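Chemist: When you line the sequence shown up against my numbering, it's residues 1025 to 1293, in that order.
Just so you know, even glycine gets a beta-carbon here, dropped at the ideal spot from N, CA and C.
None of the values given here were measured: they were computed from a predicted structure.
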Amino acid sequence: MIRGWYIGSSGMMAQQNRLDTISNNLANVDTTGYKKDIAVSKAFSELMLRRLNDDGVIVNSLGSYEVGPIIGKLGLGVETNELYTSFEQGSFRETGINTDFALSGEGFFVVQTPYGERYTRNGNFMIGKEGILETKEGYPVLGEKGVIKIDDHIEQKKFMVNQDGILYTAEDNEEIDRFKVVRFENERYLKKMGSNLYATNEISGEPYIAEGNERPLVVQDYLEMSNVNVVNEMVQMIEVNRAYEANQKTIQAEDSMMSTLWGRVVTKG
1025 MIRGWYIGSS GMMAQQNRLD TISNNLANVD TTGYKKDIAV SKAFSELMLR
1075 RLNDDGVIVN SLGSYEVGPI IGKLGLGVET NELYTSFEQG SFRETGINTD
1125 FALSGEGFFV VQTPYGERYT RNGNFMIGKE GILETKEGYP VLGEKGVIKI
1175 DDHIEQKKFM VNQDGILYTA EDNEEIDRFK VVRFENERYL KKMGSNLYAT
1225 NEISGEPYIA EGNERPLVVQ DYLEMSNVNV VNEMVQMIEV NRAYEANQKT
1275 IQAEDSMMST LWGRVVTKG
């Protein structure tokens, strides 16, 4: 019976982790470039039960002889295996602001932070006081030549970008720079750092410049919205609540049986 408490509680903890993930997704449904998280659970290794004190030799289904035949398997509960980010494409929203950009396809913009290069899908940029293209947090956006800087004589309205990510002046087609867009071997393992920024780790691998068919299209005057589907998240939230309640009732039933057992033992004693 005590094992039943642990199994039920492990299920409740796993569902609580799923609920926290879903709640965070719903809270960021309107966050530009946000990518939803998914909690994945796995079962603990099952315990094989045998009758150790059986008398006589018994033939099992495999044709071999044994004294302690297999009774069956006993589950030992569940745990959260991993929390990973789904980089499915979000929908595009037209803004009419030419410092807003969206990536159509897999890939990331690169920004310079005090902690090194970080990567983002949020193309909601602005031109700073020094003519540097930067994020709303003030981090410079990187091109293939370094920090992207717009000369003072280039007015914002004449600042254009083509689908290959090349920045140029609208009047004389003078090339300014090209967005540094990168890819990863295992992007799902990138680590979220806040402000829609991602950092690399050993599993994700190092970034490499996206070229050719691997390079996403850069779309100006648009922003990529969150890839969170509110309806799906709400359905999953209902499923989590029901699973949580089921595990809760399991613990209550185990507690009731344990109380009855101890009551009878004390009464007989």
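Could you pull out every residue in the same chain whose Cβ sits closer than 6 Å to the Cβ of G1028, ignoring the five residues on either side in sequence?
Modeler: Excluding positions up to five away in sequence, the list reads E1278.
Chemist: By DSSP, does Q1260 sit in helix, in strand, or in coil?
Modeler: Q1260: helix per DSSP, three-state reduction.
Chemist: Relative to the C-alpha of E1106, which candidate in F1125, E1141 and K1066 has its C-alpha closest?
Modeler: For the residues F1125, E1141 and K1066, the minimum Cα distance to E1106 belongs to K1066.
Chemist: Could you check the C-alpha separation between E1235 and L1241 for me, to the nearest Å?
Modeler: Cα to Cα, the separation comes out at about 11 Å.
Chemist: So what's I1031 in DSSP terms, helix, strand or just coil?
Modeler: It is helical.
Chemist: Is Q1276 buried or exposed, if buried means 16 or more other CB atoms sit within 10 Å of its CB?
Modeler: So Q1276 ends up on the exposed side.
Chemist: For E1209, which option in G1101, S1033, T1159 and N1225 has the closest C-alpha, if you only look at C-alpha atoms?
Modeler: Selected option, being the one with the closest Cα: N1225.
Chemist: Just reading off the beta strand (DSSP E) that G1189 is part of, what are its end residues?
Modeler: From DSSP, G1189 is part of no beta strand (DSSP E); its letter is neither H nor E.
Chemist: How would you call V1289, buried or exposed, if buried means at least 16 neighbouring beta carbons within 10 angstroms?
Modeler: So V1289 counts as exposed.
Chemist: Out of M1184, R1142 and K1182, point me to the one whose CA is closest to P1164's CA.
Modeler: It is R1142.
Chemist: I need the straight-line Cα distance from L1043 to G1218, nearest angstrom please.
Modeler: Roughly 20 Å between the two C-alpha positions.
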